[in-house]
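Q: My structure is below; once you've seen it, I'll send some questions.
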Amino acid sequence: MTSEATADAADGERKPGAPRVGLGVIAREWGRIGCIGFGGPPTHIALLRQLCVQRRGWISASEFEDGIAATNLLPGPASTQLAILTAWRLRGTPGALVGGVCFIVPGLVLILALAALFLAGDPPLWVLGAAAGAGAAVAAVAVQAAGALVPASWKRAGDRRAARARWVGYALAGGAAAALAGPWLVIVLVAVGLAEMGVRTSPAVSRPRGGAAWPVPLALAAPAAGGLGALAWVAFKIGALSYGGGFVIIPLMQADAVDRYHWMSDGQFLNAVALGQITPGPVVQTVAVVGYAAAGLGGGLLAAAAAFAPSFLLVILGGSRFDRLRSSAAVQGFFAGAGPAVIGAIAGSAIPLALVLQHAWQFGVLAATAGWLLGLQRGVVSALLGAGTFGIVAALAGWPVT
8 MTSEATADAA
18 DGERKPGAPR
28 VGLGVIAREW
38 GRIGCIGFGG
48 PPTHIALLRQ
58 LCVQRRGWIS
68 ASEFEDGIAA
78 TNLLPGPAST
88 QLAILTAWRL
98 RGTPGALVGG
108 VCFIVPGLVL
118 ILALAALFLA
128 GDPPLWVLGA
138 AAGAGAAVAA
148 VAVQAAGALV
158 PASWKRAGDR
168 RAARARWVGY
178 ALAGGAAAAL
188 AGPWLVIVLV
198 AVGLAEMGVR
208 TSPAVSRPRG
218 GAAWPVPLAL
228 AAPAAGGLGA
238 LAWVAFKIGA
248 LSYGGGFVII
258 PLMQADAVDR
268 YHWMSDGQFL
278 NAVALGQITP
288 GPVVQTVAVV
298 GYAAAGLGGG
308 LLAAAAAFAP
318 SFLLVILGGS
328 RFDRLRSSAA
338 VQGFFAGAGP
348 AVIGAIAGSA
358 IPLALVLQHA
368 WQFGVLAATA
378 GWLLGLQRGV
388 VSALLGAGTF
398 GIVAALAGWP
408 VT
């Protein structure tokens, strides 16, 4: 068998008719996006569209939009899954592995380097100030992230008054759960998803038998002791349950990282979320900071591997079935209910994030950040960098930062 035929066999699961793209090209282009992808999912999607649709013509516009829709129906970081999916369509499993890893690694290296700086045993005063300033802005970032998801989700609810009333109820339930219930949030997401699925599907439609409730035991199960096993399990849960975007992981992760296992303080957790925002790549990389706090560099790498494993598995094992997933009335109904609850949860996570602030000047930073993001509609990265800079000034001026 020729080398070309061998490669074709290895790539056999890629979409029929897709252009054959070298793994070196995928590594270079997906790695480039991983390096410059500041700004979260909107930036990642725009860069992938520019590469795959507009510049190279590897994927049609309609196929790319279908990929966005399919990955938004899956748990996990949607833009990372889109990066894996687009590479999978070009070179099957090898392409998915190369593209996904090269997309993730640049941001992971940077966030682990920053974690080493910010979580050092005796960090310099300016680092403490930057951490206190950037952490103070995180609650406003959460509200902005939720607001950005509202228009598309509201449109999806349709024009009927009853559907819109349910949308509001689901969002309020998610917000209350994130603010008050922490790790129990997943139960609320599943419950409202099943409720909307029941409303939208008739008895004649085939429904999953208990499969939609699988996140509940996954969310609640936890090793009794800490250590690397607990860290890997927490990270895997984060990667498998982060419906609707990275920020929904905050109440899930905070409960384990701060309250259950005491890997980090509330202030350090705020820093972790801020670092996940100012580095390129998905917000889910925040889990690497938690891993670093728990077990150093090895813990950070282990947490990242466990958190991203579900995304690779979902795309590689299920990519060929995504069209059927999107056409399922039961699946569409479930996510029509869970979607607004996720938005509410992201907004609700701002409450515990704000409550852990300790100093009056931090609340001023929070208010200024809210005005920058929500009033002036400016970017998240600039907001966090500005807040961090103010924190440095505050520290050097003798204001309390710890």
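One point on numbering: in our numbering, the residue at position 341 of the sequence shown is 348, and numbering is uninterrupted.
Built from N, CA and C at the ideal position, the CB exists for glycine as well.
Quick check on residue 268: does DSSP put it in helix, strand or coil?
A: Mapped onto the sequence shown, residue 268 falls at position 261. Three-state result, residue 268: coil.
Q: For the 8 Å Cβ check, are there 3 or more pairs between the region 149-161 and the region 347-363?
A: yes
Q: May I have the straight-line CA-CA distance separating residue 262 from residue 391, to the nearest angstrom?
A: Start at 1 with the first residue of the sequence shown, and residue 262 comes out as number 255. Start at 1 with the first residue of the sequence shown, and residue 391 comes out as number 384. In a straight line, the C-alpha of residue 262 is about 24 Å away from that of residue 391.
Q: When the Cα of residue 328 is compared with those of 33, 96, 134, 146, which residue comes out closest?
A: Position 321 of the sequence shown, counted from the start, is the residue given in the question as residue 328. Relative to the Cα of residue 328, the nearest Cα in the group 33, 96, 134, 146 belongs to 96.
Q: Compare the Cα-Cα distances from residue 66 to each of 40, 84, 98, 39 and report the closest residue.
A: Here residue 66 refers to the residue found at position 59 of the sequence shown. It is 98 whose Cα lies nearest to the Cα of residue 66.
Q: Using a 10 Å radius around the Cβ and a threshold of 16 neighbouring Cβ atoms, would you call residue 269 buried or exposed?
A: Here residue 269 refers to the residue found at position 262 when the sequence shown is read from its first residue. Exposed, by the Cβ-count rule.
Q: Excluding the 5 residues preceding and the 5 following residue 91 in the sequence, name in chain order all residues of the same chain whose CB lies nearer than 7 Å to its CB.
A: On the sequence shown, position 84 is the one that residue 91 refers to. Once the five neighbours on either side are set aside, the close Cβ partners of residue 91 are 103, 106, 107, 318, 319, 322.
Q: For the region 56-127, which segments carrying the beta strand (DSSP E) assignment without a break, of at least 3 residues, lie completely within its bounds, in sequence order?
A: Here no run is fully enclosed.
Q: Within a Cβ cutoff of 8 Å, which residues of the same chain sit near residue 309, ignoring the five residues on either side of it in sequence?
A: The count along the sequence shown starts at 1 and reaches residue 309 at position 302. Hits under 8 Å: 235, 238, 239, 242, 298, 302.
Q: What three-state label does DSSP hand residue 376 in the structure shown?
A: Taking the sequence shown and counting its residues from 1, the one referred to as residue 376 is at position 369. Three-state DSSP puts residue 376 in a helix.
Q: Buried or exposed, going by whether 16 or more other CB atoms sit within 10 Å of the CB of residue 43?
A: Sequence index remark: in the sequence shown, residue 43 carries index 36 (1-based). Under this definition residue 43 is an exposed residue.
Q: Looking at residue 134: is its Cβ nearer than 8 Å to the Cβ of residue 125?
A: Numbered from 1 along the sequence shown, position 127 holds the residue referred to as residue 134. Numbered from 1 along the sequence shown, position 118 holds the residue referred to as residue 125. Against a cut-off of 8 Å, the Cβ pair of residue 125 and residue 134 comes out as a contact.
Q: Note down the Cα distance separating residue 313 from residue 206, rounded to an integer number of angstroms.
A: Numbered from 1 along the sequence shown, position 306 holds the residue referred to as residue 313. Numbered from 1 along the sequence shown, position 199 holds the residue referred to as residue 206. Going by the C-alpha atoms only, they are around 35 Å apart.
Q: Would you call the CB atoms of residue 277 and residue 296 closer than 8 Å?
A: Indexing the sequence shown from 1 puts residue 277 at position 270. Indexing the sequence shown from 1 puts residue 296 at position 289. For residue 277 and residue 296, no; Cβs fall outside 8 Å.
Q: Alpha carbon to alpha carbon, what distance is there between residue 336 and residue 52?
A: For the purposes of this step, residue 52 is taken as the residue at position 45 of the sequence shown. For the purposes of this step, residue 336 is taken as the residue at position 329 of the sequence shown. For residue 52 and residue 336, the distance between alpha carbons rounds to 26 Å.
Q: Counting Cβ pairs, one atom from each stretch, are 3 or more of them under 8 Å apart for the region 138-148 and the region 32-42?
A: no
Q: Going by DSSP in three states, residue 339 sits in which element: helix, strand or coil?
A: One-based indexing of the sequence shown puts residue 339 at position 332. Looking at residue 339 - three-state DSSP - the assignment turns out to be helix.
Q: With residue 352 and residue 258 assumed to form a contact (beta carbons below 8 Å), what rounded beta-carbon distance in angstroms separates them?
A: Taking the first residue of the sequence shown as position 1, residue 352 is located at position 345. Taking the first residue of the sequence shown as position 1, residue 258 is located at position 251. At roughly 7 Å, the Cβ-Cβ gap stays under 8 Å, so residue 352 and residue 258 are in contact.
Q: Anyone know if the C-beta pair for residue 80 and residue 315 falls short of 8 Å?
A: Looking up residue 80 in the sequence shown gives position 73. Looking up residue 315 in the sequence shown gives position 308. No, Cβ-Cβ distance for residue 80 and residue 315 is not below 8 Å.
Q: Taking only the alpha-carbon atoms, compute the straight-line gap between residue 409 and residue 85 and give it to the nearest angstrom.
A: Your numbering for residue 409 matches position 402 in the sequence shown. Your numbering for residue 85 matches position 78 in the sequence shown. Straight-line Cα distance between these residues: approximately 35 Å.
Q: Among residues of its own chain, excluding the 5 on either side of residue 180, which ones have a beta-carbon nearer than 7 Å to its beta-carbon?
A: Working through the sequence shown from its first residue, we reach residue 180 at position 173. Taken in chain order, the residues that qualify are 195, 199, 348, 351.
Q: Which complete alpha helix (DSSP H) runs does the region 117-196 hold, if anything under 4 residues is left out?
A: 132-164, 168-187
Q: How close, in whole Å, do the beta carbons of residue 54 and residue 75 come, if the pair is a contact with beta carbons under 8 Å?
A: Counting from one through the sequence shown, the residue named residue 54 turns up at place 47. Counting from one through the sequence shown, the residue named residue 75 turns up at place 68. The Cβ separation is near 13 Å, so there is no contact.
Q: Have a look at residue 245 and residue 254 and give me their C-alpha separation to the nearest angstrom.
A: Taking the sequence shown and counting its residues from 1, the one referred to as residue 245 is at position 238. Taking the sequence shown and counting its residues from 1, the one referred to as residue 254 is at position 247. Taking the straight line joining both Cα atoms gives about 11 Å.
Q: Quick check on this structure: which residue in 68, 175, 94 has the alpha carbon closest to the alpha carbon of residue 109?
A: As a working note, residue 109 is residue 102 in the sequence shown. Nearest of 68, 175, 94 to residue 109, Cα basis: 94.
Q: Measuring only the C-alpha atoms, how far is residue 371 from residue 35?
A: Against the sequence shown, residue 371 aligns to sequence position 364. Against the sequence shown, residue 35 aligns to sequence position 28. One C-alpha to the other measures close to 43 Å.
Q: Using a Cβ-Cβ cutoff of less than 7 Å, which residues in the same chain neighbour residue 394 once the five nearest sequence positions on both sides are dropped?
A: As a first step, residue 394 must be located in the sequence shown, where it is residue number 387. Closer than 7 Å at the Cβ level, and outside the excluded window around residue 394, lie 140, 141, 143, 144, 372, 376.
Q: Could you say which of 29, 400, 332, 272 lies nearest to residue 365 if we only look at CA atoms?
A: As a first step, residue 365 is located in the sequence shown; it is residue number 358 there, counting from the start. The shortest Cα separation from residue 365 among 29, 400, 332, 272 belongs to 272.
Q: For the alpha helix (DSSP H) that contains residue 305, what are its first and last residues?
A: Mapped onto the sequence shown, residue 305 falls at position 298. Start and end: 293-325.
Q: Does DSSP put residue 334 in a helix, a strand or coil?
A: Stepping through the sequence shown from its first residue, residue 334 is reached at position 327. Residue 334: helix per DSSP, three-state reduction.
Q: Do residue 45 and residue 291 have their C-beta atoms within less than 8 Å of each other?
A: On the sequence shown, position 38 is the one that residue 45 refers to. On the sequence shown, position 284 is the one that residue 291 refers to. Taking 8 Å as the Cβ cut-off, residue 45 and residue 291 do not qualify as a contacting pair.
Q: Between which residues of its own chain and residue 265 is the CB-CB distance below 8 Å, once the five residues before and five after are set aside?
A: Your numbering for residue 265 matches position 258 in the sequence shown. Non-local C-beta neighbours of residue 265 in its own chain, meaning closer than 8 Å and more than five positions away in sequence, comprise 271, 272, 273, 276, ordered along the chain.
Q: Residue ranges of each alpha helix (DSSP H) run of no fewer than 4 residues wholly in the region 381-406, ordered along the chain?
A: 387-403
Q: Please report how far the alpha carbon of residue 374 lies from the alpha carbon of residue 307, in whole angstroms.
A: What you label residue 374 is simply residue 367 of the sequence shown in a count that begins at 1. What you label residue 307 is simply residue 300 of the sequence shown in a count that begins at 1. C-alpha separation (whole angstroms): 32 Å.
Q: Work out the CA separation of residue 118 and residue 286 for me, nearest whole Å.
A: Against the sequence shown, residue 286 aligns to sequence position 279. Against the sequence shown, residue 118 aligns to sequence position 111. Straight-line Cα distance between these residues: approximately 6 Å.
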